[in-house]
Amino acid sequence: MATAQLQKTSLSALIFPGKISTEQQSLVLVKRLLAVSVSCITYLRGIFPECAYGTRYLDDVCVKILKEDKNCPGSTQLVKWMLGCYDALQKKYLRTVLLAVYTNPEDPQTISECYQFKFKYTKNGPMMDFSSKNQNNESNISSADTKKASILLIRKIYVLMQNLGPLPNDICLTMKLFYYDEVTPPDYQPPGFKDGDCEGILFAGEPMYLNVGEVPTPYHSFRVKVTTEQEQMENIDSAVLTPKQLNVPLKKILMDKDDVEDEQKHCIKNQIEFIKKVR
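So for the sequence shown, the numbering used here puts the first residue at 20; every next one is plus one.
Structure representation (structure tokens):
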């Protein structure tokens with residue numbers, strides 16, 4: 020008699036090392052968080068078909084992970100973009116990854132939804148200088164704290180994405196990278212990316228900012244923000260958001276108010292190819 024047993028592939032064990040005691044362990048974690056966040060967003064927004072994802076489990080949450088698939092060129096292209104992000108992240112050049120949705124292939128600067136993944140680095144331990152009322156003491160960030168914040172971030176992404184209205188059937192994706200100019204060589208180009216301009220991104224409707232969450236490690240900080248059209252927010256429970264995150268319309272969206280001046284200096288590379296939505 021033959022028997023077979025199905026076993027859940029635990030993402031928790033893959034993402035979270037037993038201890039984050041080195042910069043390399045922190046880097047691996049941040050790379051994986053970026054991959055999981057992008058995968059969750061694209062899956063729940065219906066951008067790629069089921070075949071473009073593998074299945075993992077983060078505690079009790081079923082998580083879809085984007086993969087290369089010969090039947091889905093768009094997912095394969097996005098995976099390649101992610102490798103370019105990893106290159107810049109490993110070199111400590113990467114400041115922000117902006118993944119944007121737009122509907123007119125001739126006008127990729129006018130977007131209807133975007134996701135920002137922001138990074139900060141430290142030389143001698145934690146640096147928590149994002150605006151927050153609940154900042155932990157810099158020296159007290161443990162592996163348990165990082166794991167808890169990571170799981171909370173992913174859960175919040177799931178709640179938010181599941182409550183947004185559907186995207187149009189025909190959309191495109193673009194990815195832009197922003198750097199720390201003081202350390203980034205002027206001729207640096209990660210794989211899959213080209214030089215870009217510093218023009219602002221225009222929103223097709225009335226945008227709203229959502230600060231989804233932040234994950235600190237002893238060597239990095241990773242934060243996720245979402246900007247979407249105001250009408251998409253009608254079904255969102257106000258408990259998901261903080262008061263300061265509501266009613267923030269801007270015609271040009273780049274970054275936080277205190278980052279705008281810096282961000283205008285750091286926009287030096289831009290992925291100009293686009294991915295069409297595949298059902």
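For each residue, glycine too, the CB sits at the ideal point set by N, CA and C.
Keep in mind that this is a model prediction, so the values were computed, not measured.
Taking the alpha helix (DSSP H) that C104 belongs to, which residues open and close that run? P92 to Q109
Round the Cβ separation of E42 and Y198 to the nearest angstrom and send it over; I've been treating them as touching at under 8 Å. Actually they do not touch by this definition, with Cβ atoms about 19 Å apart.
According to DSSP, is T165 helix, strand or coil? helix
Return the first residue and the last residue of the beta strand (DSSP E) that Q300 is part of. The question about residue 300 has no answer here: the residues shown for the chain are numbered 20 through 298.
When the Cα atoms are used, what is the spatial distance from T95 to D164? 33 Å
How long is the line joining the alpha carbons of Y134 and G184, rounded to whole angstroms? 16 Å
Selected residue, minimal CA-CA separation from Y76, among K38, C104 and I173: I173
Buried or exposed (CB count within 10 angstroms, at least 16 for buried), V202: exposed
Could you tell me the distance, in whole angstroms, from the CA atom of K175 to the CA atom of I220? 25 Å
Pick from E87, V80, A168 and V120 that is closest to R242, judged by C-alpha positions: A168
Which residues in the same chain have their Cβ closer than 8 Å to the Cβ of S4, if we skip the five residues on either side of it in sequence? There is simply no residue 4 to check, as the chain begins at 20 and stops at 298 in what is shown.
Quick one: what's got a C-beta closer than 7 Å to C70's C-beta in the same chain, skipping five residues either side? D88, N90 and C91
Check whether the Cβ atoms of A223 and T61 lie closer than 9 Å to each other. no
Element boundaries [beta strand (DSSP E), containing K302]: Any answer about residue 302 is impossible in this case: the structure gives the chain only from 20 up to 298.
C-beta contact flag for V82 and V55 at 9 Å: yes
Quick check on the burial criterion: 16 or more other C-beta atoms within 10 angstroms. Buried or exposed for T299? Here the chain covers residues 20 to 298 and nothing more, so residue 299 does not appear.
Hey, how far is the Cα of P124 from the Cα of K166? 39 Å
Compute the Euclidean distance between the alpha carbons of P205 and T129, then round it to the nearest angstrom. 27 Å
Would you check if the distance between the CB atom of L108 and the CB atom of L97 is smaller than 9 Å? no
Residue environment, S161, which counts as buried when at least 16 other CB atoms sit within 10 Å: exposed
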